[in-house]
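> What follows is a single structure, and I will ask about it in a moment.
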Amino acid sequence: MSSIHKSPWLLHYDGSSCNGCDIEVLACTTPVYDVERFGVINTGNPMHADIFLITGGINSQNEAVVKQIYEQMPQPKVVIAVGTCACTGGIFKECYNIKGGADTVIPVDIYVPGCAARPESIIDGVVKGVALFKEKAEALKAAEN
Amino acid sequence: MELSTRLIIAGCYIILAPFIIGLLDGFDRKISARMQGRRGPSVLQPFFDLKKLFEKEFLTANKTQLFMIRSYLVFIVLSGILFFGGFDILLVVFSLSTAAMFLILASTSTHSPYSAQGTHRELVQIMSCEPMELLVAVGFYLATTPSTFNVSEIISGSQIPNIVFLPGFFVGFVFILTIKFRKSPFDIATSHHAHQEVIKGVTSEMVGKEYGMVTLAEWYENAILLGIVGLFFLNSNPVSIVGAIIAILVVWFLEILIDNTSARVKWQLMLKLAWSVTIVAAGMNLLLLEIIRG
Ligand code: SF4
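Protein chains in written order, with the working numbering: chain V, 1 to 145; chain C, 1 to 294.
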């Protein structure tokens, strides 16, 4: 029985968010919500991360950054787009520099809508992400054997 | 001590140290969370983390790093065997510094600026701790009659716990333990928590099993350091083991308390503080010991 899903480390990247969603992501780590209950740790290093959490849309400048972070993360990994901006481009969608949601550059597994996404729904998304992370880990193991 | 007894104790160290220190680490995270008003993860969390690290894909562009990290782990375990097997404590200190050198080589083998930053800071941390570690060995040598560096003779040769002769050395050693355990305010090269200010310092470029091995090596090293704390309280009377265990738990709790009540300092201050405490506490103690011994 794999226990890999019990230790999902999270990397938070702020695309071109208005910071509303970022504040809500950080709220998840405070005593009120405490995501560390699930073994979640907010790490700053893509090489140690299992879950890539993006807030804000993709613009021409951060496109390369997002791709690079995604590639630096070892398998299995899960991508969660938090907030309407990261899902579709949101309120900034029509701006000349915005390409759209995170899925315009990397495959996104889970979408957490809301402007700003509430901590409860972010945690919900992370918990779903953890379940998916487990599935991916098992699939990876099966592929190896 | 018989060679077979030494080998059995050393074998127990190899098998049990990761479990004991991993569990202590789990309690550390639980207690830290409670101090911050959170529920915190399960006490088994460090084991889940370690297992996951070994199961992750190994993404690296650099084979040297893996070799260096393996050597780091091997030298730390070797130091532990020397210590718990009751051999020369001076040798333990030297073997630990050799291990530290491999960690430095591992982090410099990549070209990441974060690793480079971490390496610089790690070197300063080593510089801050090393004098005190060496002095502890010297302290035990002077406190025992006849003088010896041999760990098993230090224990069997003393009627009263060595802490009586070495209070200054003990204070100095507990002080550098905060640096050694990578706890705030001195977690500047890398933190024992998975999150860190300048990415992850020395461990920035270590992926999956490499980071797992470093974590494991740190658990083995912490076992040795806590063992040295215990050595201050051990004597020929077997009952002293209880005292040693209590002392270890108290020191461990103190480190958690310091970790949760202080903010990270700059390396300059760390170096100054560590050396001042070493010179004042251990230096005075050394002087007094010399006078007593005549
Ligand atoms: S979804 Fe709303 S709150 Fe979140 S980054 Fe976009 S505009 Fe800001």
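The beta carbon of each residue, even a glycine, is placed where N, CA and C say it ideally should be.
Is the stretch 113-126 of chain C touching the stretch 135-144 of chain C in the sense that three or more CB pairs, one from each, lie closer than 8 Å?
Touching, no.
> Counting only C-beta atoms, is C/P18 closer than 7 Å to chain V at any point?
Judged by the 7 Å Cβ criterion, C/P18 is not in contact with chain V.
> What beta strand (DSSP E) runs, 3 residues minimum, are completely inside the stretch 44-110 of chain V?
As far as the stretch 44-110 of chain V is concerned, its whole beta strand (DSSP E) runs of at least 3 residues are 51-55, 78-82 and 98-100.
> Among the residues of its own chain, which have a CB less than 8 Å from the CB of C/M270, if the five just before and after it don't count?
V124, Q125, S128, I179, P185, F186 and I188, listed in sequence order.
> Could you spell out where the alpha helix (DSSP H) holding C/L142 opens and where it closes?
Per DSSP, C/L142 belongs to the alpha helix (DSSP H) from P113 to A143.
> Taking the alpha carbon of V/D147 as the point to measure from, which residue in V/I98, V/I80, V/G100 and V/E144 has its own alpha carbon closest?
For residue 147 of chain V there is no data in the structure shown, the boundaries of chain V being 1 and 145.
> Hey, could you find the ends of the alpha helix (DSSP H) C/Y211 is sitting in?
Run containing C/Y211: K209 to L231, per the alpha helix (DSSP H) assignment.
> Kindly list, in the order they appear in chain C, the residues whose Cβ is closer than 7 Å to that of V/K6.
Chain C residues near V/K6: F48.
> Assign V/M1 to one of two classes, buried (16 or more other C-beta atoms within 10 Å of its C-beta) or exposed (fewer than that).
Because the pLDDT of V/M1 is 42, which lies under 50, any placement of that residue in the model is unreliable, and the number read from its coordinates should be weighed accordingly. Per the 10 Å Cβ criterion, exposed.
> Measure the CB-CB distance between V/A137 and V/P76 and report whether it falls below 7 Å.
Yes, they are a contact pair.
> Going by other Cβ atoms of all chains shown within 10 Å of its Cβ, with 16 needed for buried, is V/A139 buried or exposed?
It counts as exposed.
> Kindly list the residues whose CB is nearer than 7 Å to the CB of C/V202, restricted to its own chain and excluding five residues on each side of it in sequence; keep chain order.
Once the five neighbours on either side are set aside, the close Cβ partners of C/V202 are L103, S107, S115, G118, T119, E122, A189 and T190.
> Kindly indicate the opening and closing residues of the alpha helix (DSSP H) around C/Y13.
Segment L3 to M35, the alpha helix (DSSP H) holding C/Y13.
> Taking DSSP as the reference, what is the three-state secondary structure of C/V239?
Coil, per DSSP.
> What are the start and end residues of the alpha helix (DSSP H) that includes C/L44?
Element bounds for C/L44: n/a, residue is neither H nor E.
> Would C/G80 and C/Y220 qualify as a contact pair, given that the criterion is a beta-carbon distance under 7 Å?
It is a contact, given that the beta carbons lie within the stated cut-off.
> Beta-carbon within less than 6 Å of V/I54's beta-carbon, same chain only, minus the 5 sequence neighbours each way: which residues are those?
Hits under 6 Å: Y13, G15, A81, A86 and A102.
> I'd like to know if V/G39 contacts chain C, where contact means its C-beta is closer than 7 Å to some C-beta of that chain.
So yes, V/G39 belongs to the interface.
> Is C/I15 near the ligand SF4, in the sense that its beta carbon is under 6 Å from a heavy atom of that ligand?
Because no heavy atom of the ligand SF4 lies under 6 Å away, the Cβ of C/I15 does not count as near it: no.
> Answer yes or no: do C/P18 and C/R29 have a C-beta to C-beta separation smaller than 7 Å?
No.
> Going by C-alpha to C-alpha distance, which of V/I4, V/W9, V/L10 and V/V25 sits closest to V/A116?
Checked all of V/I4, V/W9, V/L10 and V/V25; the closest Cα to V/A116 is V/V25.
> Using a beta-carbon distance below 7 Å, is V/P107 in contact with chain C?
With 7 Å as the cut-off, V/P107 does not count as an interface residue toward chain C.
> Candidates C/I14, C/V138 and C/A33: which alpha carbon is nearest C/L82's?
Checked all of C/I14, C/V138 and C/A33; the closest Cα to C/L82 is C/I14.
> Would you kindly report the start and end of the unbroken beta strand (DSSP E) that includes C/Y72?
That residue, C/Y72, is in no beta strand (DSSP E); its alpha helix (DSSP H) goes K63 to F84.
> Measuring straight from C-alpha to C-alpha, what distance separates C/V251 and C/I245?
Those two C-alpha atoms are separated by around 10 Å.
> Could you check where the alpha helix (DSSP H) with C/L59 kicks off and where it finishes?
Unbroken run through C/L59: none, as it is neither H nor E.
> Leaving out five residues before and five after C/A281 in sequence, what residues of the same chain have Cβ atoms less than 7 Å from its Cβ?
Contacts found: G168, V171 and G172.
> Let me check understanding here. Comparing Cα to Cα, which of C/L216, C/P113, C/M132 and C/V136 lies closest to C/L73?
Measuring from the Cα of C/L73, the nearest candidate turns out to be C/L216.
> Could you spell out where the beta strand (DSSP E) holding C/D187 opens and where it closes?
Taken as a continuous stretch (DSSP letters only), C/D187 belongs to no beta strand (DSSP E), as it is neither H nor E.
> Under DSSP, the beta strand (DSSP E) around V/D14 begins and ends at which residues?
From DSSP, the beta strand (DSSP E) with V/D14 extends over W9 to D14.
> Ends of the alpha helix (DSSP H) at C/A263?
Per DSSP, C/A263 belongs to no alpha helix (DSSP H) and is neither H nor E.
> For C/F175 and C/E255, which I take to be in contact (beta-carbon distance under 8 Å), what is that distance rounded to the nearest angstrom?
C/F175 to C/E255, Cβ: 11 Å. No contact.
> Could you have a look at C/N150 and say whether DSSP puts it in helix, strand or coil?
C/N150: strand per DSSP, three-state reduction.
> Counting only the same chain and skipping the five closest in sequence on each side, list residues whose C-beta sits under 6 Å from that of C/L53.
Excluding positions up to five away in sequence, the list reads G208, Y211 and G212.
> Determine the chain V residues that contact C/A263 at a beta-carbon separation under 8 Å, and present them in chain order.
Those within 8 Å of C/A263 in chain V number zero; the least Cβ separation is about 17 Å.
> So the alpha helix (DSSP H) C/I39 belongs to, where does it begin and stop?
Position check: residue 39 of chain C holds Arg in this sequence, whereas Ile was assumed. Premise fails: C/R39 is in no alpha helix (DSSP H) and is neither H nor E.
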